[in-house]
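Novice: I'd like to ask some things about the structure below.
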Amino acid sequence: MGSHSSPTILLQAQHLSKSFGGVRAVDDVAIAIPQGSITGLIGPNGAGKTTFFNLLVKFLPPDRGSVVFDGRPVHGLPPHKIAQLGMMRTFQVPRVLSRLSVLENMLLAAPGQHGERFWAVWLGGRRIRQQEREMGEKALELLESVGLGHVATEYAGALSGGQRKLLEMARGLMCDPKLMMLDEPAAGVNPALLEQICGYIEAWNRQGITFLIIEHNMDVIMSLCDRVWVLAEGRNLIDGTPAEVQSHPRVIEAYLGSA
Amino acid sequence: MLGILIYSATLVTQAATLALFSLGLNLQWGMAGLVNFGHVAFMALGAYTTVLLTLGGVAWYLAALLGAGAAALLGLLIGLSTLRLREDYLGIVTIGVAELLRLLLKNERPLGWLTRGDFGIQSFPKPLWPNPQGNPLFGWLPPNQYPWVLMVVVLVVLAGTLVLLQRLSRSPWGRVLRAIREDEAVATALGKNVFAFKLQAFVLGGAIGGLSGAFYAWYLQAVYPSNFLPEVTFQAWMIVAIGGAGNHWGVLAGAALFQLYNSLPRFLPDIAPGQTEAIQVMLIGLTLIFVMVWRPQGLLGKKAELLLHR
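So, in structure tokens, the structure goes:
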């Protein structure tokens, strides 16, 4: 279990809305994520969870609503700025850069690289090399910690589905995020790997990273999350502890449909 | 015999110019995945800017750099307006801009004071030309040996560009470009300003294309709007594809192969009078098919990359 000790809110979203044509995919949705928590986001298929995710990080521009992250409004910022502030998202189907090596996938993610400024490539050779060395050490350490050290030089496209999931999470950690947003970390993962992934999430959470997790697997939600928010048909249904939510009649109704 | 030697200097100059031109496209498409169907516009702008500036008394190297600068500016204009859109829009806009520029150059004739329309511009200063006043470097060289001088100049510029691009490719900057080529959304999620990187790649590729225009004008010793038809762009696409997209040395190999096929038929006995050009085009098409079947990744591309699923 993550800790409840810190009452500070890391991310607060209010009135987020997004329509596609006449369909209100996300309709006036709010969420509050306490610093240091593992917060779950559940709901039946088509409830608007992934769309809501995309609104939070500005991958889609919201029609309405506000997002305050770490005490600062971010809904007016472009997505790469939001990522730089420490909101790191993964994708439902893991997206690795196939024709880059596993290590390059990791190095790419590191923030504040001098060598990414194209004039600096000419002037700061030594500084860039040193930075590459330091990042390389950190990347290998992270890869080792998720059991991908031995495939560091392989093309990322050669990895299995489970390995891609691990790489995507490790890559996100290269950015030193404050908030990791995982879109269905358990989807398509075998039970052994799932246990491994849950272990990593708890360990990273103890190191101070806050998590927001979309998940269908209720066991994962029950074992990991401090608090769960439920979406149905694009709207907030309820929120509460996992136990409260699991037995709530409205949640059961939303999942099974009313007779 | 000497004639053939000098001709070969011209062939090398042509190939090097094409290679330079294609390196610009390789940076845009091979590295960053930007679909540029109007690359010839950069060459045309670079060629005309260089020629007109040298006619106005500007030194050749300065004129060529300003030509590259003009092309970079064009790249900036196109990039700012289209790089935020979906990638196919870039393809459409670039092909449109290239044709627009060519038609502008062509129809300037009624005014006649600048590009002289279809008449083109024929006599203009060239780099290190052994002029009667005595060029300090090559004054001893008879004017008909000039192709050697130009060949050396273009090879030096090509080598410099290659070093520059290799260094950029291996840098973190190049890594971000390759990431963008693979998956823009991931690059964005990792905090990279995708638009800014694309713009830099597009502008730099345009500048290199503009620089190649100066050499194009110099070895032809004339510029006409009809030099800059859309097919020139697609020659660069073929060269990049044959060589292996994203691989700068591959572009050199592709340009050499292209040039070989482009010039060899001229040395063949005229088996079918008046149809050498058709045979050329057939040979180039055949090479392309052959390379794509035998090495779909291009001459120097990496096969493993093709076998990866997304």
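Quick note, the sequences are listed as chains A and B, same order. With this note's numbering applied, the first sequence has no gaps in its numbers, which climb one by one up to 1691 at the end. With this note's numbering applied, the second sequence has no gaps in its numbers, which climb one by one up to 1117 at the end. Here a beta-carbon is modelled for each residue, glycine too, at the ideal position from N, C-alpha and C.
Sorted by chain position, which residues of the same chain lie with C-beta nearer than 7 Å to A/S1438's C-beta, five sequence neighbours on each side aside?
Specialist: Confidence is the limiting factor: at A/S1438 the pLDDT is only 49, short of 50, which leaves the residue's position unreliable, though a coordinate-based value still follows. So the qualifying residues of the chain are P1466, Q1467, G1468.
Novice: Interface residues of chain B around A/V1553 at Cβ under 7 Å?
Specialist: R974, L975, S978, W980
Novice: To which residues of the same chain is B/G1051 closer than 7 Å at the C-beta, ignoring the five residues directly before and after it?
Specialist: These residues qualify, in order along the chain: G1057, Q1104, G1105, L1106, L1107, G1108.
Novice: Report buried or exposed for A/Q1390, applying the criterion of at least 16 other Cβ atoms within 10 angstroms of its Cβ.
Specialist: This structure cannot settle anything about residue 1390 of chain A, because the visible part of chain A is limited to 1433 through 1691.
Novice: Would you decide whether B/F1065 is buried or exposed? Buried here means 16 or more other CB atoms lie within 10 Å of its CB.
Specialist: buried
Novice: Under the rule that 16 or more other beta-carbon atoms within 10 Å means buried, what is A/S1435, buried or exposed?
Specialist: In this prediction, A/S1435 scores a pLDDT of 48, lower than 50, which makes its location untrustworthy; no coordinate-derived value is stated.
Novice: Measuring only between beta-carbons, confirm whether B/E1098 sits less than 8 Å from chain A.
Specialist: Looking at the sequence itself, residue 1098 of chain B is Val, so the reference to Glu does not match. Judged by the 8 Å Cβ criterion, B/V1098 is not in contact with chain A.
Novice: Any Cβ of chain B within less than 8 Å of the Cβ of A/C1607?
Specialist: yes
Novice: Spell out the partners DSSP gives A/G1472 in its beta bridges.
Specialist: A/I1645, A/V1660
Novice: What in chain C is Cβ-close to B/E989, meaning under 7 Å?
Specialist: Reference to chain C is not applicable here, since the protein chains of this structure are A and B.
Novice: Could you please give the first and the last residue of the uninterrupted beta strand (DSSP E) stretch that includes A/L1611?
Specialist: 1611–1615
Novice: Can you find a C-beta in chain B that's less than 8 Å from the C-beta of A/F1484?
Specialist: no
Novice: Measuring only the C-alpha atoms, how far is A/M1654 from A/P1674?
Specialist: 6 Å
Novice: Grab me the residues of A/F1485's own chain with a C-beta within less than 7 Å of its C-beta, minus the 5 sequence neighbours each way, in chain order.
Specialist: R1521, M1613, D1615, I1646
Novice: Excluding the five sequence neighbours on either side, which residues of its own chain have a C-beta within less than 7 Å of the C-beta of B/A823, listed in chain order?
Specialist: Around B/A823, the same chain offers V961, L962, L965 as residues with beta carbons nearer than 7 Å, after the five sequence neighbours per side are excluded.
Novice: Run down chain A in chain order and give the residues with a C-beta less than 9 Å from the C-beta of B/R985.
Specialist: Near B/R985 (Cβ distances below 9 Å), the residues of chain A are L1529, R1531, L1532, E1536, L1540.
Novice: Which same chain residues, not among the five before or five after B/F1002, have their C-beta less than 7 Å away from its C-beta?
Specialist: L890, R891
Novice: Tell me which residue opens and which closes the beta strand (DSSP E) that A/G1672 is part of.
Specialist: 1667–1672
Novice: Taking only the alpha-carbon atoms, compute the straight-line gap between B/P934 and A/P1505 and give it to the nearest angstrom.
Specialist: 58 Å
Novice: Just the Cα atoms here: how many angstroms apart are A/G1547 and A/R1558?
Specialist: 10 Å
Novice: Compute the beta-carbon to beta-carbon distance between B/L832 and B/G1012, rounded to the nearest angstrom, for a pair I have assumed lies under 8 Å.
Specialist: The beta carbons of B/L832 and B/G1012 sit about 6 Å from each other, so the pair counts as a contact at 8 Å.
Novice: Quick check: is the beta carbon of A/A1584 nearer than 8 Å to any beta carbon in chain B?
Specialist: Not an interface residue.
Novice: According to DSSP, simplified to helix, strand and coil, what is A/H1447?
Specialist: strand
Novice: Please confirm whether any heavy atom of the ligand GDP lies closer than 7 Å to the CB of A/L1555.
Specialist: Only the bare structure without any ligand can be found here, which leaves the ligand GDP out of the picture.
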